[in-house]
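Residue numbers (my numbering): 67 to 450.
Written below as structure tokens is the structure these notes are about.
Take a look at the structure:
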């Protein structure tokens, strides 16, 4: 039954702390001492950590995973709630596994708590999805074979863990309370055939970037599978939790499975001559624009032409590449729209690429936005 899993992402609850407060630990700890430091020491003396319920679902399940699937576990990332108890659990678990020479750290999931249900739904679960995705990718980028342990914490986490595991092709483990070992959870019936979804890249990206969009912009009638990716409230729509998972893994598919557009046959110097800024846009007072565009031409050999079509020196915004929004350029497989802001004003530009289809254009868009993120300041404007 053993596999080559050597890293885990683990969701966490706080039952260990309740057991520590309410149960007898006299066999492994001094009676009456209920400090967290005493708990850390007591955990090292538990004889059967896989089945002793006092140590909590996290240690029970991880011990089972180590025995059955990960005998050479190297690293664990714990995802804990946004509470004092959650942070204490993270510290205790990290201390416990560091003493086993397993590298460990914990991440606090902002908004993941049980006192404010609106915050839990609107922020906590969304942040959980994104942090879980980032944790899995972080470990995979280190060369680990990753598993997800969804045993601890809120039960709503289980479905998200299964979906992420399915999309990222990692095993998801769960230990039911009455089971004597962990099991791997089967995939959910969601279509992750990303190639078939490329036609919806634009609307998924828009919903992700703007959080809420007009429901009328989403073609629900032409593809019923879109229903599971969005939540509608009146005339507005936003990505569902499944949609967030899908979008994050969809972007990963584009970055890893889709080729960049072909290299232009023109030199950077020739292509720089194809930067066309209208006089009113060039002299609008917006800083750093020409320098940015020239650098883009030098660093991305699939860009052939850039031309401005709008400016407003008193409209701050966010620098971002996106699929064209106006009807005249919508559907063009080789054009992107660049919205550039210096924090005070905004210029919009058409960026013509060598892309031959929507897939290549989507890959170019992802690549350019990642570059912008690496080179932007706190006001989302480009840093020279």
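Just so you know, even glycine gets a beta-carbon here, dropped at the ideal spot from N, CA and C.
Only a predicted model underlies this, so the values are computations on that prediction, with no experimental measurement involved.
Residue burial classification, residue i (beta-carbon count within 10 angstroms, cutoff 16)
i           : result
residue 169 : exposed
residue 412 : buried
residue 349 : Here the model assigns residue 349 a pLDDT of 48, short of 50, so the residue's position is not dependable and the matter cannot be decided.
residue 194 : buried
residue 121 : buried
residue 167 : exposed
residue 198 : buried
residue 152 : buried
residue 102 : exposed
residue 296 : buried
residue 278 : exposed
residue 181 : exposed
residue 408 : buried
residue 424 : buried
residue 268 : buried
residue 399 : exposed
residue 162 : buried
residue 429 : buried
residue 470 : Coverage of the chain is limited to positions 67 through 450, which leaves residue 470 absent and any answer about it impossible.
residue 213 : buried
residue 439 : exposed
residue 156 : buried
residue 333 : exposed
residue 374 : buried
residue 377 : buried
Nearest to residue i (by Cα), restricted to the options the options
i           : options               : result
residue 236 : 261, 243, 265 and 206 : 206
residue 389 : 213, 431, 184 and 286 : 431
residue 401 : 407, 426, 383 and 409 : 426
residue 245 : 234, 381, 217 and 231 : 217
residue 403 : 387, 181 and 324      : 387
residue 437 : 128, 208 and 364      : 364
residue 164 : 228, 106, 391 and 229 : 106
residue 252 : 240, 263 and 178      : 240
residue 117 : 129, 323 and 280      : 129
residue 298 : 281, 268, 313 and 291 : 281
residue 422 : 330, 340 and 414      : 330
residue 370 : 336, 344 and 398      : 336
residue 266 : 317, 226 and 250      : 317
residue 203 : 183, 180, 190 and 230 : 230
residue 242 : 215, 178 and 433      : 215
residue 264 : 279, 321, 97 and 208  : 321
residue 80  : 119, 110, 72 and 428  : 119
residue 191 : 182, 178 and 183      : 178
residue 86  : 380, 334, 134 and 154 : 154
residue 385 : 399, 366, 367 and 435 : 435
residue 366 : 379, 338 and 376      : 338
residue 72  : 134, 111, 100 and 98  : 134
residue 382 : 104, 137 and 410      : 410
residue 95  : 108, 84 and 137       : 108
residue 416 : 378, 357 and 343      : 343
residue 315 : 188, 285, 250 and 226 : 226
residue 362 : 290, 88 and 340       : 340
Cβ separation of residue i and residue j, assumed to be a contact under 8 Å, to the nearest whole Å
i           : j           : result
residue 211 : residue 70  : 5 Å
residue 419 : residue 327 : 5 Å
residue 372 : residue 355 : Going by Cβ atoms, the distance from residue 372 to residue 355 rounds to 10 Å, so no, they are not a contact pair.
residue 248 : residue 127 : 5 Å
residue 115 : residue 125 : 5 Å
residue 78  : residue 159 : 7 Å
residue 233 : residue 311 : 6 Å
residue 238 : residue 143 : 15 Å between Cβ atoms; not a contact.
residue 319 : residue 260 : 4 Å
CB contact below 7 Å: residue i versus chain B
i           : result
residue 157 : Absent from the structure is chain B; it holds one protein chain and no more.
Contact test: residue i Cβ vs the ligand PLP heavy atom, cutoff 6 Å
i          : result
residue 78 : Ligands in the displayed structure: none, and consequently the ligand PLP is not present.
Sequence ranges, alpha helix (DSSP H) only - wholly within the segment 206 to 273, length at least 4: 222 to 234
Validate contact between the segment 297 to 317 and the segment 222 to 229 using beta carbons, cut 8 Å, 3 pairs: yes
Cβ pair count under 8 Å reaching 3, the segment 264 to 280 against the segment 289 to 306: yes
Touching by the beta-carbon criterion (3+ pairs, under 8 Å), the segment 171 to 187 and the segment 141 to 153: yes
Length-filtered (4 minimum) alpha helix (DSSP H) runs lying within the segment 269 to 346: 307 to 323 and 334 to 338
In chain order, each beta strand (DSSP E) run of at least 3 residues that lies wholly inside the segment 67 to 118: 73 to 77
Minimum length 4: unbroken alpha helix (DSSP H) runs contained in the segment 163 to 187: none
Inside the segment 348 to 414 only - alpha helix (DSSP H) runs reaching at least 4 residues: 355 to 365
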